[in-house]
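Numbering-wise (this note's numbering), the sequence shown opens with residue 430 and increments by one.
Positions of the beta carbon are idealized from the N, C-alpha and C atoms, including for glycine.
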Amino acid sequence: MTTTDVAARDDGGDDFGTPKHAVAAGADNLSKRYGVGDTAVEALKSVSISFREGEFTAIMGPSGSGKSTLMHCLAGLDVASDGKVFIGDTDLTALSDKAMTMLRRDRIGFVFQAFNLVPTLTAKENITLPVDIAGRTVDTEWFDAVVARLGITDRLGHLPSELSGGQQQRVACARALIGKPSIIFGDEPTGNLDSRSSGEVLSILRAATDEFKQTVVIVTHDPRAASYADRVVFLADGQIVQELSRPSADDVFEVMKNLDNVPAPDTAEAL
């Protein structure tokens with residue numbers, strides 16, 4: 430386990446021509462404020478971060494730290510007050526509402542705590558819904574590979590009400606993967622699941638990175654969930670205060686336990 434500095438958007442190569450890691454998403458000096466004047470709340474304060482392709486990242490922090498706000502801005506679900514947000518080389522802050530909607534549809538996959546399945550559609554119809562809405566043809570070979578890996582081949586004709594919570598979240602994971610997005614964002618994806626189902630879903634997200642080379646970013650409060658990630662980013666008071674590389678659940682727990690005592694970047698040198 431190692432602690433690393435906050436990554437810049439361009440993580441560089443070397444003088445010998447070693448290829449750079451491609452960046453799936455990132456933010457440059459991202460700030461987000463809610464309200465105006467004396468009542469304004471600054472949820473994010475000049476956050477700069479990048480997420481490399483094929484990497485699984487977990488974002489953690491206490492309540493009110495800005496972790497969900499960061500993910501929502503990165504995913505184009507909320508708008509930055511200052512700074513820039515990127516999906517690949519596309520600057521989200523320069524997009525129209527229509528272009529943003531198309532980008533979310535075509536290049537971002539989502540896995541939410543609440544599953545967000547359409548109750549009147551079968552599992553198969555829910556999985557293919559984003560591709561169908563986009564007017565694209567479903568890649569049947571990819572579809573078969575995804576549902577087989579997620580273990581839901583025999584559940585494709587079932588409605589969400591006929592599936593367990595873990596099975597519903599597997600369907601949601603398949604829906605996120607089916608369009609081969611640039612990145613998958615998960616907002617507390619195991620928050621409504623028991624420990625067994627949580628482990629299954631986290632293993633699926635881990636496999637999405639290891640086997641499908643998918644970029645995954647999740648927000649979680651659970652050290653066990655974060656231990657599945659290649660990298661864990663910790664926020665406090667709207668700033669990134671620490672990172673861990675390939676940590677154990679105990680490593681993550683210790684940071685979370687002491688997080689209130691970790692100085693923010695702009696005050697560290699003065700302490």
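| Item | Value |
| --- | --- |
| Close-in-space but distant-in-sequence residues of the same chain around residue 677 (CB under 6 Å, 5 per side omitted) | 656 |
| Close Cβ partners of residue 564 (< 7 Å) along its chain, the five nearest in sequence each way excluded | none |
| Burial state of residue 440 (16 or more Cβ within 10 Å) | Residue placement at residue 440 is flagged as unreliable, the pLDDT there being 46, under the threshold of 50; the coordinate-derived value follows with that caveat. Result: exposed. |
| For residue 473, three-class secondary structure by DSSP | strand |
| Cβ distance (whole Å) where residue 490 is taken to contact residue 664 below 8 Å | 4 Å |
| Spatially closest choice to residue 627 from 538, 595, 603, by CA coordinates | 595 |
| Straight-line gap, residue 643 to residue 478 (C-alpha atoms, nearest Å) | 18 Å |
| Check whether residue 485 and residue 606 have beta carbons under 9 Å apart | no |
| Between the CA atoms of residue 481 and residue 447 - distance to the nearest angstrom | Residue placement at residue 447 is flagged as unreliable, the pLDDT there being 32, under the threshold of 50; the coordinate-derived value follows with that caveat. So the alpha carbons of these two residues sit roughly 16 Å apart. |
| Validate contact between the stretch 645-661 and the stretch 459-466 using beta carbons, cut 8 Å, 3 pairs | no |
| Residue 520 - partner residues in DSSP beta bridges | 515 |
| Short Cβ contact (9 Å threshold) for residue 487 with residue 648 | yes |
| Nonlocal neighbours in the same chain, by C-beta distance under 6 Å from residue 552, ignoring five residues either side | 584, 585, 587, 600 |
| Expected contact under 8 Å - CB spacing of residue 618 and residue 540 to nearest Å | 4 Å |
| Exposure label - residue 675; buried when at least 16 CB within 10 Å | exposed |
| Between the CA atoms of residue 603 and residue 495 - distance to the nearest angstrom | 28 Å |
| Close beta carbons around residue 522, own chain, < 7 Å, minus the five adjacent residues each side | 509, 513, 514 |
| Residue burial classification, residue 476 (beta-carbon count within 10 angstroms, cutoff 16) | buried |
| Residue 457: first and last residue of the uninterrupted beta strand (DSSP E) it sits in | 452-463 |
| Three-state secondary structure assigned by DSSP to residue 556 | helix |
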